[in-house]
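According to this note's numbering, the sequence shown holds residues 1 to 754 in order. Glycine included, C-beta positions come from ideal geometry on N, C-alpha and C. Encoded as structure tokens, the structure appears first; notes follow it.
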Amino acid sequence: MESIDRILDRMTLEEKAALCTGASSWTTTPVERLGLPETICCDGPHGVRRVADIHSTGHEALPATCFPTASCTAATWDVALIRRMGEALAEECIALDSNILLGPGVNMKRSPLCGRNFEYFSEDPFLAGEMGASLIEGVQSRGVGTSLKHYAANNQEYQRFVIDARVDERTLREIYLAAFEKAVTRAQPWTVMCCYNRVNGRYGSEHFQLLTEILRDEWGFEGVVVSDWGAVHDRVEALQAGLDWEMPGPRPARVQAVVDAVRSGALEEYVLDASVRRMLALVQRGTHRPSAPDFDVDAHHALAAEIAAEGMVLLKNDGILPLAGQKRIAVIGRAAVQAHFQGGGSSHINPTRVAEPLAELRERLAGAELTYAEGYPADDAARPDLIDEALAAARAAEVALLYIALPTYKESEGYDRTDLDLTAQQVALIQAVSAAQPRTVVVLNNGAPVAMSAWIDGVAAVLEGYMMGQAGGSAIADILTGRVNPSGKLAETFPLAVEDTPAYINWPGEAGTVRYGEGLYIGYRYYDARRQPVLFPFGYGLSYTGFAYSNVRASAATFRDVDGVSVSVDITNTGARAGKEIVQVYVHDRAAEVARPEKELKGFAKVALEPGETRTVTIALDARAFSYWDARYRLWRAEPGEFDLLVGASSADIRGSVTVTLESTVDLPCVLSRSSTLREWLADRRGREAIAPFLAASEEARRQAFGEEGLGMNIMDMFIDMPVLSMLEFQMNALPEAPEAIVDRMLAQAHALP
């Protein structure tokens with residue numbers, strides 16, 4: 001193919017405008033006379049939703065592997081495994097003739113009520129960024145592109161097309177942009193998809209700060225910015241903001257609007273050309289993709305089962321699991337025969353096959369008698385007869401297995417949940433069965449936390465299966481029977497009640513605006529700050545074995561920010577089964593100029609151990625692990641001082657810690673102004689030096705006016721948060737010149753200091 005410059009020179013204005021708009025719901029606009037083919041995209045992120053006819057509006061999808069959704073894959077905490085999933089997804093894209101997979105989604109789980117949380121990884125930006133980057137690396141390593149989405153602050157479905165997310169800059173940077181930043185700077189996705197919503201007053205498709213200043217200028221993004229489907233309001237404004245590719249198409253009126261804007265001078269042609277260059281690079285990337293006639297259906301199904309087993313979280317176990325020797329087992333719940341393994345909406349996959357949970361269990365327990373009862377209907381109807389049938393089965397059995405799936409009408413893309421509850425029938429079923437049969441195990445299939453307080457004390461075990469993908473039925477059977485030792489840990493907090501959640505009083509907004517009033521404090525950050533009890537904490541998960549932590553140490557007691565530091569811990573498998581432990585490292589800042597969360601996840605590792613085996617886990621922390629976004633200086637700032645490195649099995653189970661001292665090498669710029677407070681002057685190295693003579697003169701003036709008693713007037717306490725200009729105005733009658741002149745002179749001195 002010709003060089004991009006050569007092709008661009010030969011393109012007409014109309015062809016340029018058309019290339020930046022889709023030709024259909026799934027393709028770019030080809031330019032046949034120049035030999036430019038179409039580029040094909042398909043929905044993701046946990047499977048390839050490739051429609052049979054890419055130029056029609058139909059929604060029939062070709063068969064593909066439905067892998068577990070992000071809520072489950074994140075609970076694996078296994079970046080290498082997720083990379084393998086990405087490689088498999090790319091193989092299926094190639095076999096199904098697609099160039100770009102639309103995913104992953106790394107939006108934050110601000111509230112467990114978000115209907116699309118099953119597609120997002122975590123409430124923590126560090127974990128979400130690591131998982132997202134690994135998936136992108138896996139997909140793109142095989143010559144297929146990804147689309148990182150939905151950029152940014154798309155954390156609810158309610159009014160998602162128009163809602164204005166009002167979020168302060170520090171919270172935006174530290175919580176809602178951080179996962180995008182990690183994925184972009186480490187993995188360079190081929191495309192980034194803008195959000196539908198507005199962010200601080202501007203639509204995501206027209207947000208120059210997000211799309212150009214931050215994404216391209218700060219993070220160095222080199223790819224194409226694509227709209228979410230139907231997210232563009234003003235095509236010319238979107239181009240000027242940095243949005244290259246509008247989807248879906250065709251949109252002849254939008255193409256003509258771009259042509260007219262260039263011809264009238266409202267849009268500089270070089271702005272359009274910049275987007276065209278990026279689109280040409282995208283098309284050329286697609287032409288270099290390898291070809292393959294098919295993908296290994298069996299191998300990908302097996303991989304989906306492995307991921308599901310690694311991501312399922314054992315929440316409670318009174319010793320009943322793994323099953324051993326039981327001859328009569330009651331299997332109760334529709335989800336045992338109608339596997340609930342994915343969510344509703346654009347990510348819905350046509351699976352190559354589905355593992356039925358009951359059939360998989362029968363295969364592994366061939367010598368046992370398994371009795372099935374439906375338990376609950378597909379809708380929310382009350383069915384006492386189904387409960388009676390389940391009770392009869394449970395009473396005749398040695399153990400009852402309850403397969404409980406949160407129905408799609410309560411959880412899907414397009415609408416948010418109104419509560420955290422299972423259906424009333426499901427709750428009544430669990431309560432009745434567990435009262436009659438104490439040896440009851442509940443297996444959950446859902447995309448986000450559910451309330452359990454009404455029944456959890458009465459059951460012997462709970463396995464969180466999440467939306468487990470097409471092979472999840474076999475993964476459940478493997479865990480229940482002990483073929484697989486559960487090792488998943490929660491990537492989100494399970495609260496006791498929806499009223500306890502951080503965003504509760506601001507959710508979901510009103511009058512077209514949602515205010516992120518909780519700021520930095522989402523997920524475990526909030527529960528830590530409030531000392532709020534939860535059902536299950538972030539990072540929590542049980543195993544069939546035990547793990548001991550010992551000898552936590554740092555690579556250096558004192559380190560420079562540019563060098564970073566490592567923390568090591570010895571992990572021992574203290575049980576009789578091989579297992580995997582997820583070691584988590586949190587950072588606590590002992591003293592800071594700003595409010596900071598009590599601790600924040602900054603590293604993790606998953607380690608496999610044989611019984612009795614000990615291994616050393618070492619996790620490196622760079623300067624960013626100790627930094628916060630300083631809005632005054634508009635940079636990431638790691639303040640010098642002491643930090644605790646907390647090593648634990650969950651956010652609420654810290655097993656050891658070590659304290660280190662950070663030495664900063666950053667020389668902060670002087671950002672003082674006329675409105676800066678005395679506190680800000682004293683905190684600034686240059687400002688402190690410039691204001692020192694004034695403070696000394698003030699102290700002498702008080703001595704002369706009031707004698708030694710005048711020194712008892714604590715000027716720091718009285719005026720510490722008052723602008724220095726205001727302080728001077730209180731004394732203006734005694735000053736030799738105007739207060740403004742004095743402050744301006746001190747400012748000039750401060751800014752001139754080296």
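- Query: Hey, quick one: how far does the beta strand (DSSP E) through Glu-123 stretch, first residue to last?
  - Reply: If you number the sequence shown from 1, residue 123 lands on position 123. No beta strand (DSSP E) contains Glu-123, which DSSP labels as neither H nor E.
- Message: I believe Gln-240 touches Val-271 by the beta-carbon criterion, under 8 angstroms. Please report the beta-carbon distance rounded to the nearest angstrom.
- Response: Sequence index remark: in the sequence shown, residue 240 carries index 240 (1-based). Sequence index remark: in the sequence shown, residue 271 carries index 271 (1-based). That belief holds up - the Cβ atoms of Gln-240 and Val-271 are roughly 6 angstroms apart, short of 8 angstroms.
- Item | Length of the line joining the Cα atoms of Ala-378 and Thr-29 | As a working note, residue 378 is residue 378 in the sequence shown. As a working note, residue 29 is residue 29 in the sequence shown. Going from the Cα of Ala-378 to the Cα of Thr-29 covers about 43 angstroms.
- Query: Can you tell me whether Arg-395 is buried or exposed, with buried defined as 16 or more other CB within 10 angstroms of its CB?
  - Reply: The residue you call residue 395 lines up with position 395 of the sequence shown. When all chains shown are included, Arg-395 counts as exposed.
- Using alpha carbons as the reference points, say which of Ala-683, Ala-750, Ala-690 lies closest to Asp-721. For the purposes of this step, residue 721 is taken as the residue at position 721 of the sequence shown. Comparing Cα-Cα distances from Asp-721 to each of Ala-683, Ala-750, Ala-690, the minimum goes to Ala-683.
- Message: So, does the region 477–489 touch the region 94–106, judging by three or more C-beta pairs under 8 angstroms?
- Response: Touching, no.
- Message: So the candidates are Glu-213, Gly-603, Gly-447, Met-718; which of them puts its Cα closest to the Cα of Phe-341?
- Response: Here residue 341 is taken as the residue at index 341 of the sequence shown, counted from 1. Distance from the Cα of Phe-341 is smallest, within the candidate group Glu-213, Gly-603, Gly-447, Met-718, for Gly-447.
- Write down the C-beta distance between Glu-130 and Phe-538 rounded to the nearest angstrom, noting that I regard them as a contact closer than 8 angstroms. The residue labelled residue 130 in the question sits at position 130 within the sequence shown. The residue labelled residue 538 in the question sits at position 538 within the sequence shown. Actually they do not touch by this definition, with Cβ atoms about 15 angstroms apart.
- Pick from Ser-664, Glu-157, Ile-214 that is closest to Gly-564, judged by C-alpha positions: Within the sequence shown, the letter at position 564 stands for residue 564. Comparing Cα positions, the closest option is Ser-664.
- Task: Alpha carbon to alpha carbon, how far is Val-226 from Gly-47? Give it in angstroms, no decimals.
- Result: To locate residue 47, count along the sequence shown from 1; it is residue 47. To locate residue 226, count along the sequence shown from 1; it is residue 226. Cα atoms of Gly-47 and Val-226: separation of roughly 20 angstroms, rounded to the nearest angstrom.
- Item | Buried/exposed call for Lys-327, threshold 16 Cβ in 10 Å | Position 327 of the sequence shown, counted from the start, is the residue given in the question as residue 327. Lys-327 should be labelled exposed.
- Query: Helix, strand or coil for Leu-321 per DSSP?
  - Reply: On the sequence shown, residue 321 is found 321 positions in, with the first residue counted as 1. In the displayed model, Leu-321 falls within coil according to three-state DSSP, outside both helix and strand.
- Query: What is the DSSP secondary structure of Cys-72, counted as helix, strand or coil?
  - Reply: Working through the sequence shown from its first residue, we reach residue 72 at position 72. In this structure, Cys-72 counts as helix in the three-state DSSP scheme.
- If you compare alpha carbons, which of Ala-292, Val-585, Arg-160 is closest to Ala-625? By one-based count along the sequence shown, residue 625 stands at place 625. Per the Cα distances, Val-585.
- Residues near Tyr-151 in its chain [Cβ-Cβ closer than 7 angstroms; skip 5 each side]: By 1-based counting over the sequence shown, the position of residue 151 is 151. Counting only Cβ-Cβ distances below 7 angstroms, and skipping sequence neighbours, we find Phe-180, Val-192, Met-193, Cys-194, Cys-195, Gly-204, Leu-210.
- How would you write the range of the alpha helix (DSSP H) that His-588 sits in, first residue to last? Reading the sequence shown from its first residue, position 588 is the one you call residue 588. Element bounds for His-588: not the alpha helix (DSSP H) but the beta strand (DSSP E), 579–589.
- Message: Considering only the alpha carbon of each residue, which of Ala-231, Trp-190, Ala-257 lies closest to Pro-248?
- Response: As a first step, residue 248 is located in the sequence shown; it is residue number 248 there, counting from the start. Selected option, being the one with the closest Cα: Ala-231.
- Have a look at Ala-17 and Val-162 and give me their C-alpha separation to the nearest angstrom. Sequence index remark: in the sequence shown, residue 17 carries index 17 (1-based). Sequence index remark: in the sequence shown, residue 162 carries index 162 (1-based). When rounded, the distance between both Cα atoms is 26 angstroms.
- Item | Test: Trp-681 CB closer than 7 angstroms to a CB of chain D | In the structure shown, chain D cannot be found, because there is only a single protein chain.
- Task: Note down, in chain order, each residue of its chain lying with its Cβ closer than 7 angstroms to the Cβ of Val-658, except the 5 sequence neighbours on either side.
- Result: Here residue 658 corresponds to residue number 658 of the sequence shown, with the count starting at 1. Residues Val-552, Arg-553, Ala-554, Val-567, Leu-645 of the same chain have their beta carbon placed closer than 7 angstroms to that of Val-658, with the five preceding and five following residues left out of the count.
- Where the alpha helix (DSSP H) through Phe-180 begins and ends: Counting from one through the sequence shown, the residue named residue 180 turns up at place 180. Counting along the chain, the alpha helix (DSSP H) containing Phe-180 begins and ends at 178–187.
- Do Thr-661 and Thr-558 have their C-beta atoms closer together than 7 angstroms? Reading the sequence shown from its first residue, position 661 is the one you call residue 661. Reading the sequence shown from its first residue, position 558 is the one you call residue 558. The answer is yes: Cβ separation under 7 angstroms.
- Message: Report the CB separation of Lys-104 from Ala-178 in whole angstroms; it is logged as a contact under 8 angstroms.
- Response: Position 104 of the sequence shown holds residue 104. Position 178 of the sequence shown holds residue 178. First, the amino acid is wrong: residue 104 is Pro here, not Lys. Wrong, their Cβ atoms sit about 15 angstroms apart, outside the cutoff.
- Message: Quick check: the Cα distance between Ala-578 and Val-139, rounded to an integer number of angstroms?
- Response: Locating residue 578 in the sequence shown gives position 578, where the first residue counts as 1. Locating residue 139 in the sequence shown gives position 139, where the first residue counts as 1. Computed Cα separation, rounded: 31 angstroms.
- Taking the DSSP output, what are the residues bridged to Ile-404? Taking the sequence shown and counting its residues from 1, one reaches residue 404 at position 404. BP columns for Ile-404 point to Leu-444.
- Item | Where Glu-137 sits in the DSSP three-state scheme | Against the sequence shown, residue 137 aligns to sequence position 137. It is helical.
- Looking only at C-alpha atoms, which of Arg-6, Ala-266, Val-31, Gly-344 sits nearest to Gly-115? By one-based count along the sequence shown, residue 115 stands at place 115. Ranked by Cα distance from Gly-115, the first of Arg-6, Ala-266, Val-31, Gly-344 is Gly-344.
- Query: What residue from Ala-405, Ile-349, Ala-324 has the CA that sits closest to Ala-366's CA?
  - Reply: On the sequence shown, position 366 is the one that residue 366 refers to. Looking at the Cα atoms, Ala-324 is the closest of the given residues.
- Message: For Val-184 and Ala-90, I'd like the C-alpha separation in whole angstroms.
- Response: Position 184 of the sequence shown, counted from the first residue, corresponds to residue 184. Position 90 of the sequence shown, counted from the first residue, corresponds to residue 90. The straight-line gap from Cα to Cα measures roughly 19 angstroms.
- Just how far apart, CA to CA, sit Gly-687 and Pro-597? If you number the sequence shown from 1, residue 687 lands on position 687. If you number the sequence shown from 1, residue 597 lands on position 597. For Gly-687 and Pro-597, the distance between alpha carbons rounds to 28 angstroms.
- Query: Can you name, in chain order, every residue of its own chain whose Cβ lies under 8 angstroms from the Cβ of Glu-87, other than the five neighbours on each side?
  - Reply: The residue given as residue 87 occupies position 87 in the sequence shown. A distance below 8 angstroms between beta-carbons, with the five flanking residues on each side excluded, links Glu-87 to the following residues of its chain, in chain order: Gly-138, Val-139, Ser-141, Arg-142.
- Query: Is it true that the CB of Asn-445 sits closer than 7 angstroms to the CB of Ala-335?
  - Reply: If you number the sequence shown from 1, residue 335 lands on position 335. If you number the sequence shown from 1, residue 445 lands on position 445. In contact: Ala-335 and Asn-445 (Cβ atoms closer than 7 angstroms).
- Task: For Ile-505, count neighbouring Cβ atoms within 10 angstroms of its own Cβ and tell me buried if that reaches 16, exposed if not.
- Result: Taking the sequence shown and counting its residues from 1, one reaches residue 505 at position 505. Within a 10 Å sphere around the beta-carbon of Ile-505 sit fewer than 16 other beta-carbons, which makes this residue exposed.
- Message: Determine whether the beta carbon atoms of Ala-454 and Val-433 lie at a separation below 7 angstroms.
- Response: As a first step, residue 454 must be located in the sequence shown, where it is residue number 454. As a first step, residue 433 must be located in the sequence shown, where it is residue number 433. No; because the gap between Cβ atoms is not below 7 angstroms, this pair is not in contact.
- Message: If distances are taken between C-alpha atoms only, which option among Phe-295, Glu-729, Arg-364, Arg-674 comes closest to Arg-745?
- Response: Indexing the sequence shown from 1 puts residue 745 at position 745. For the residues Phe-295, Glu-729, Arg-364, Arg-674, the minimum Cα distance to Arg-745 belongs to Arg-674.
- What are the partner residues of Val-647, as DSSP defines its beta bridges? By one-based count along the sequence shown, residue 647 stands at place 647. Val-585, Gly-656.
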